[in-house]
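Residue numbers (our numbering), protein chains in the order written: chain A, 482 to 790; chain B, -8 to 379.
By construction, the Cβ of each residue, glycine as well, lies at the ideal position given by its N, Cα and C atoms.
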């Protein structure tokens, strides 16, 4: 019984780290959706681009100085974030603004095209070979009792918590955050109230590119190899965002972590004791998703929208 | 007038002569066109770039020496993105529009399975499909008489690994992590056969293609008490599995099927990957066998980028040798039928890269053995001869 408990705990921690990655991607979805009701299907690819930019910055700094030091990782990180700011701004200019008054559907189609283009462009620049990412945490692990956790996983979990707190504060306490919420509610009224709606949209794209880049930097060493298929993980984060309630920051995080934990436990302990679970492993998160949506159609943390006629 | 009649007679003879040199689709006076369907932009695009590059390296070398029977070999590559439907469309295009002589190296089990009906319909041979699925040489299947496999199948590899483990440790408790698709299915077939043969039972743990987390599977193997674990994954999976196990303080002896033989497994897994043993259907590219020596010479001569050099590039190179040998044996007037007959004359043909290859009318498997390669101090070292 004891081994059952430690097994479950181990899988929960590992699943939480995986879930935090889903959560960060879902957070990116949520930010853009919150402001413009657009689902950015290129969110996974933004993460992949961030991971590549960070890889090239870190390796080129390393080529200069030889040894990977903390400073190199830090400057690589800052450089990647700066890139994300520019990239988010650029995407807002080429995708969001030109399509501002078009149906939401057109913008969504544009993001799907963007995801395909980004994969192709990165392949062109980086070549077809997958790369071996370097991590400042190496392979270090901490063991507590029978449970082990890698420093990398801890850093993923900590970053996710920090980002959520930051964005929660931003959306609920700052002027800009409230402006974004108002824009999401009614763009025309928001504009009439003096909110620079265009600038709000630009801001959310930049934020979402930053979140994507951070998750890319954290995820790459966890995946051991970096290639363009990393972007497909974005599609796994989509049900996480729906599960938590699209448009809710707490929901994105809760949904992501739930998915990660369910996935890991069903692959592990559940499959070990009930072999038929192995057969439905790849659909189990979808089963949970449907079950939850049946009870709570707006997701766990979603707000029910009532439109009065 | 008589002069003109004589001249036109001569011309006709000349044209007929040329026509004879063009003995089949894709074969002209000075060229043989080969069709290849690769994954250039899908999940295996990395191999899609490297495999044909390795083959072209050998074709270039042969072409510079005058080609095969004075014909230059030219390879056309189409993209299937690892999608069986696209593989069908690409193969059709190569056969009907481009009129290639034969298909070669088509990558992936599912794409190869999908084009069987086209092979059967057009009677076009497929030489060296780039998959280690044992189903490729199952002679009871459609178009099997046209497919010539060069790689020892996953089912056989799994059986050989189980036998090897039991020969080293008769009390071994074997675990298996496999990909939940046609690759894994072939591995499971080998595992089931090995269980029936040896009377042991193997603990099976599945994962989905593209998985990035193996904590559950590794924890289960630990609970099950597996002392030896076979990883039937590709590159990422063995790295993550071994790192996860090391993190959990679980240290079984890890083994892997041929796709895990990639040198990056040792590079990226670091200390966790030390001692890892992989089976491979081809010899090491940096060894002293004749093909490997020639390979390295040509890589240097043609300035092949270092990132390309390695097992898959070498594999592309080695399968090109098989094709060229078949074309040579098919004679100066090759037809598709003659190529099939020529390949079936291979009898323990050995250039060093593959185990000795033998084909016959009833057996297109080519080889049944593997070599085991172990990571020692971060370097891959061959630890056995060809074993079967």
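Interface annotation, residue 491 of chain A: in contact with chain B, CB-CB separation under 8 angstroms. Within the stretch 207 to 218 of chain B, 207, 208, 210, 211, 214 and 215 place their CB atoms closer than 8 angstroms to a CB of chain A, listed in sequence order. Contact with chain A is absent for residue 72 of chain B, since none of that chain's Cβ atoms lies less than 8 angstroms from the residue's Cβ. By DSSP's assignment, residue 245 of chain B forms a beta bridge with B/220.
Excluding the 5 residues flanking it on each side, residue 59 of chain B has same chain C-beta neighbours closer than 8 angstroms at 23, 53, 315, 318 and 319, in chain order. Sequence-distant Cβ neighbours of residue 36 of chain B in its own chain, meaning closer than 6 angstroms and more than five residues away, are 30.
Taken in chain order, the members of the stretch 235 to 253 of chain B whose beta-carbon sits within less than 7 angstroms of a beta-carbon on chain A are 238, 239 and 240. At a C-beta separation below 9 angstroms, residue 535 of chain A has no neighbours in chain B, since its nearest C-beta there lies roughly 17 angstroms away.
When Cβ-Cβ separations below 8 angstroms define contact, residue 220 of chain B makes no contact with chain A. In its chain, beyond the 5 residues on either side, 509, 512 and 513 have a beta carbon closer than 6 angstroms to the beta carbon of residue 689 of chain A. Scanning A/659, A/781, A/697 and A/747 for the CA closest to the CA of residue 503 of chain A turns up A/697.
Here the stretch 558 to 569 of chain A lies against the stretch 525 to 540 of chain A, with 3 or more beta-carbon pairs under 8 angstroms apart. Classified as exposed, residue 674 of chain A has fewer than 16 neighbouring CB atoms from the shown chains inside 10 Å of its CB. Contact with chain B is absent for residue 497 of chain A, since none of that chain's Cβ atoms lies less than 8 angstroms from the residue's Cβ. Taking a Cβ-Cβ cut-off of 8 angstroms, the neighbours of residue 37 of chain B in chain A comprise 609, 610, 611 and 708, given in sequence order. In this structure, DSSP gives residue 201 of chain B a state outside helix and strand, which the three-state scheme calls coil. If you look at residue 25 of chain B, you'll find it in the beta strand (DSSP E) that goes 22 to 29. Looking at the DSSP output, residue 95 of chain B shares a beta bridge with B/118.
Sixteen is the threshold: when 16 or more other Cβ atoms of the shown chains lie within 10 Å of the Cβ of residue 143 of chain B, as they do, the residue is buried. Listed along the chain, the chain B residues whose CB falls inside 7 angstroms of the CB of residue 703 of chain A are 203. Taken through DSSP and simplified to helix, strand or coil, residue 571 of chain A comes out as helix. Separation of residue 61 of chain B and residue 323 of chain B (C-alpha to C-alpha, rounded to the nearest whole angstrom) is 8 angstroms. Taking a Cβ-Cβ cut-off of 7 angstroms, residue 697 of chain A has no neighbours in chain B, whose nearest Cβ is about 13 angstroms from it.
By the neighbour-count criterion, in which 16 or more other beta carbons inside 10 Å mark a residue as buried, residue 370 of chain B falls on the exposed side. Judged by beta-carbon spacing, residue 347 of chain B lies within the 8 angstroms limit of residue 340 of chain B, meaning their Cβ atoms are closer than that value. Contact annotation: the stretch 760 to 780 of chain A touches the stretch 715 to 732 of chain A, with at least three C-beta pairs closer than 8 angstroms. Using a Cβ distance threshold of 8 angstroms, residue 101 of chain B and residue 146 of chain B do not count as a contacting pair. Cβ-Cβ distances below 7 angstroms link residue 280 of chain B to 274, 343 and 344 in the same chain, with the five nearest sequence neighbours on each side left out; the list follows chain order.
The C-alpha of residue 311 of chain B is placed about 14 angstroms away from the C-alpha of residue 63 of chain B.
Membership of residue 269 of chain B in the beta strand (DSSP E) is indicated by the continuous run 268 to 271.
Shown here, residue 46 of chain B sits in a helix according to DSSP, grouped into three states. Under the DSSP assignment, residue 227 of chain B falls outside any beta strand (DSSP E), being part of the alpha helix (DSSP H) whose first and last residues are 227 to 238. When DSSP reads this structure, residue 491 of chain A sits in no beta bridge, so it has no partner. Taking 8 angstroms as the cut-off, the beta carbon of residue 351 of chain B is found closer than this to the beta carbon of residue 335 of chain B.
A contact is defined here as three or more CB-CB pairs under 8 angstroms, and the stretch 96 to 110 of chain B meets this definition with respect to the stretch 63 to 73 of chain B.
Only 258, 259, 260, 261, 262 and 263 from the stretch 258 to 283 of chain B bring a Cβ to less than 9 angstroms from some Cβ of chain A.
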